[in-house]
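Chains A and B are the protein sequences, given in the same order. Under our numbering, the first residue of the first sequence is numbered -7, with each subsequent residue one higher. Under our numbering, the first residue of the second sequence is numbered 99, with each subsequent residue one higher. Glycine included, every Cβ here is placed at the ideal spot set by N, Cα and C. Here the structure is a predicted model, which means the values were calculated and not measured. Reading through the C-alpha cells given below for one structure.
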Amino acid sequence: MKEASPAKAYTLHLGVIVLLFTLSFVLPEYHHGLLARIMVLAVFAMGYNLLFGYVGLLSLGHAMFFSAGLYGAGLAVIHLGWSVPAAFAAGLACGALLALVIGLLALRTSGVAFMIVTMMFAQVFYLIILYFAAWTGGDQGLVVPQSARVLVLGDTSLGLTDPTVRYMSALVLFSIVLLAALGIVRSRYGRVLVAIRENEERTKMLGYDIFSNKLVAVVVSGTICAASGAAYALLFGYVGSTFASVQYSILPLLWVLLGGAATTLGPLIGTLFMYYVVDITSGYTSAYLLIVGIALILLVLFFPRGILGTIRQRWLGWLP
Amino acid sequence: MHFGPHLLLAALEGLVTSAVLALTALGLSLVFGVMRVVNVAHGEFFMLGAVLAWAISTAISGHPALGFLAALVLAPLIVGLIALVSERLVLRRLNYNPEATIVATIGMLYIIQQLALTFYGPEARPVEPPFSYRILLPWFGYSGYKLWIIAASALLLVATWFVLTRTKIGLVMRATQYDSETAQAFGIPVDRVYAGVFALGAMLAAVAAVLIVPISQAHYLMGQDPLLLSFIVVIIGGLGSLRGTVVAAVLIGLSDGIISVFFSPTLAKIIATLLVAMVLVFRPQGLFGTASR
Chain A
-7 MKEASPAKAY TLHLGVIVLL FTLSFVLPEY HHGLLARIMV LAVFAMGYNL
43 LFGYVGLLSL GHAMFFSAGL YGAGLAVIHL GWSVPAAFAA GLACGALLAL
93 VIGLLALRTS GVAFMIVTMM FAQVFYLIIL YFAAWTGGDQ GLVVPQSARV
143 LVLGDTSLGL TDPTVRYMSA LVLFSIVLLA ALGIVRSRYG RVLVAIRENE
193 ERTKMLGYDI FSNKLVAVVV SGTICAASGA AYALLFGYVG STFASVQYSI
243 LPLLWVLLGG AATTLGPLIG TLFMYYVVDI TSGYTSAYLL IVGIALILLV
293 LFFPRGILGT IRQRWLGWLP
Chain B
99 MHFGPHLLLA ALEGLVTSAV LALTALGLSL VFGVMRVVNV AHGEFFMLGA
149 VLAWAISTAI SGHPALGFLA ALVLAPLIVG LIALVSERLV LRRLNYNPEA
199 TIVATIGMLY IIQQLALTFY GPEARPVEPP FSYRILLPWF GYSGYKLWII
249 AASALLLVAT WFVLTRTKIG LVMRATQYDS ETAQAFGIPV DRVYAGVFAL
299 GAMLAAVAAV LIVPISQAHY LMGQDPLLLS FIVVIIGGLG SLRGTVVAAV
349 LIGLSDGIIS VFFSPTLAKI IATLLVAMVL VFRPQGLFGT ASR
C-alpha cells in the first residue's frame, strides 16, 4: 500500500456521499427504497470489514451483533415504548456489550477455532431468540408499529416510514460510519490492526498488546453492526429471527469479499452489487442461494481481493 | 409408562442417534485431521446421501430390501464422486488454505442445497425400511431396524478403524496427517491422499444418511442438524482423534436423546452448543485430545 494522500481519499469519500445524496432525488421509487436498505446493510458490511479486512479475524457469527442491535432497538420500542433515539442507543448498547463478552471469550482462540466458536455463539443467540418466542415473536418475528417509528427533533417530528426521511436517515448513518471507518483506518490504531493481521508475533514483539487491541476491534466492529441492525429495525419496522441465522453471518462476509476486504468503500460496492444481482436473478429463479454459493466459490478462487482490492492493486495504489 | 422403561426407550433412541452421528462426525474429523480443512458442506453430503437413497430405492421395484441395499452401495459412491470432483475443482486450487476453504465449502453448501431443492423439491419423503421386524420387550415393542442401524454403524466404525491403523492406506493417511511435507519427501502422493480422504469423509456421511433415512425422512434441509452435531462431537472428542470422536458421539447422542425426551429440544440445543463453545475456548484440544503440536 502506497502512502495515501489524505486530500484525495477524503474527496473521494465525500464525493460518494454527495452522489448518494443526489441519487435520492433522481432514482425511481423502487430503487430509492432498495438503496436505502443497501446503505443500512453496507454499514453491517463495514463493521464486518473492520474485523475481517483489517485485523484478519474471520468471524462466522456477526449475525448476532446485527440482531443484537435489531432486537435491542426493536424490543425497546415494542415492549417498553421507548422513543426512537433511546431505542437506537439501546440497540448500540446491546451490541457493544455482547461484542465485549464474545470478544473476551472468542479471542482466546485463533484461526479455525475462532470461526467455529463465533459461529456457535451466534447459533446460541439464534436459538435463544427462538426459545423466548413470547417476547421475540420466534421465527415469525415482530412488526415495529408505524406509530412508534417517529423521530422527534425539537418541534418537528419525522416519520421514519416516509421514503425520503428513511433514505436520508440511512444516508446519515452510512456517512458517519464511512468517515469513521476512514478515520480509524488512517489512524495509528488502524495501522496497529493491520500490523497484527500481517504478523502477530512481530507486532507483539514490538510491544503492542495484541489481545486488548483485538478486543477493541471486536467491540467497535460489533457496535457498528448493531447500529446497522438497530437502524434496520427502526427504518424498516421488522424484527425477525432470520437476521440472526447463519445465513446473515455469511452475507457480510460475501459482501466484503466481493467489494474488497480492507478497503473502505468495498463493503458498499459489494453490498450494492450482490443485492442487485440477487434482485435481478430472482426475477428468473427462486434459487438465489445458488447465486450466493457460486459467487463465494468464484471469489475465493479467482478474485480473493475483490473488486476494489483488484483495482487498488492494479491501478489506484492510493485507495484507502 | 414408568420412569425406568421410559429412560430405556430414551437411551435406545439416543444410541441410534449416536451410531449415525459417530459415522458422520468421523468423516468430518478425518477431513479436518488429515487435510486441516473445515468442511462446512459436510451436512450437505449427508443430505445428498439420503436424497439419493430415496431416488435409488424408488427406481428399483421389488422387495424394499433390494432397493435399500442398492442405495447403501450406490448412494455413498455417487456422493464420494461428487466430493472428489469438488475437491479437485475447488479445494486443491485453494492450496487447502483453511480460511479460503471454509468460505468455499460454505459456497458448496448453498449450491448443493439449492440444487437439491430444485431437483428434489421441498417435500420430505420416506424410504421404506428393508425389513420391519419388531422386537417385543416387556414394556414396549422396539423396531428391529433401529437396532440393526446400531450394529451396522458399529461394524463400519470398526472397519474404518482397521483401515486406519492396520493397513498401508491407513499408514499413508496417518503419515500425511502427521507431517504432510515429510510424507511428500518420502514419496507419498499427498495430493491424491487428500482427494481420497475428502471423498471418504463425504462417503461416511452418506452411508450414515442412508442408514437413518428409513426411520427419519429425506429432506433438502436435513443436513443442518448433523453438521452442527458433528462439529460438537469432533470438538469434544478432539479434532482428528478417532477414539475421541466415537466416545463423544455416544456421549452427545445419548444425552441428546435423553434430554430431548425430558426437556425442550431448543433448550437442549442451547445448552449443548454453549457448552461446546466453552470447551473450544478453554480446552481447544478437546476433552480427549492431546495438546496440539
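- Shortest Cα-Cα distance from Ser220(A) to any of Gly285(A), Val164(A) and Val208(A) involves Val164(A).
- The beta carbon of Ala91(A) does not come within 8 angstroms of any beta carbon belonging to chain B, so the residue lies off that interface.
- Non-local beta-carbon contacts of Phe166(A) in its own chain, meaning distances under 7 angstroms to residues more than five positions away in sequence, involve Met31, Ala34 and Val35 in chain order.
- Straight across, the Cα-Cα distance linking Tyr267(A) with Leu26(A) is about 9 angstroms.
- The closest CA to that of Gly285(B), considering only Val270(B), Val295(B) and Phe296(B), is found on Val270(B).
- Annotation note: the segment 44 to 108 of chain A contains the following uninterrupted alpha helix (DSSP H) runs of length 4 or greater, listed N- to C-terminal: 55 to 72 and 76 to 98.
- With fewer than 16 other CB atoms across the displayed protein chains lying within 10 angstroms of its CB, Pro137(A) is exposed.
- Residue nearest to Thr122(B) within the set Val332(B), Pro196(B), Ile200(B) and Ile204(B) is Val332(B) (criterion: CA-CA distance).
- Remark: C-beta atoms of Val47(A) and Ile216(A) do not approach each other more closely than 8 angstroms.
- Within a 10 Å sphere around the beta-carbon of Thr110(A) sit 16 or more other beta-carbons, which makes this residue buried.
- DSSP lists no bridge partner for Ala257(B).
- Linking Ile9(A) to Tyr208(B) through their CA atoms gives a straight-line distance of about 34 angstroms.
- Runs of the beta strand (DSSP E) lying entirely within the segment 192 to 250 of chain B and spanning at least 3 residues, in chain order: 232 to 234 and 239 to 241.
- Bridge partners of Tyr230(A) according to DSSP: Val135(A).
- A residue is called buried when at least 16 other Cβ atoms come within 10 angstroms of its Cβ; Trp127(A) does not meet this threshold and is exposed.
- Per the C-alpha coordinates, the member of Phe203(A), Met56(A), Gly61(A) and Val210(A) positioned closest to Ala225(A) is Gly61(A).
- Per DSSP, the beta-bridge partners of Ala316(B) are Arg223(B).
- For Ser149(A), the enclosing beta strand (DSSP E) has its first and last residue at Thr148 to Gly151.
- Exclusion of the five residues before and after Tyr218(B) leaves Val149 and Tyr318 as the residues of its chain whose Cβ lies within less than 7 angstroms of its Cβ.
- Taking the CA atoms as reference points, Ala125(A) sits about 43 angstroms from Leu172(B).
- DSSP places Val292(A) in the helix class (H, G or I) of the three-state scheme.
- When Cβ-Cβ separations below 8 angstroms define contact, Ile188(A) makes no contact with chain B.
- A check of alpha carbon separations from Tyr181(A) across Ser161(A), Leu246(A), Ile202(A) and Val169(A) identifies Ile202(A) as the nearest.
- By a beta-carbon distance limit of 8 angstroms, Trp310(A) does not contact Ala68(A). Their separation comes to about 43 angstroms.
- Nearest C-alpha to Gly45(A) among Leu19(A), Ala254(A) and Gly214(A): Ala254(A).
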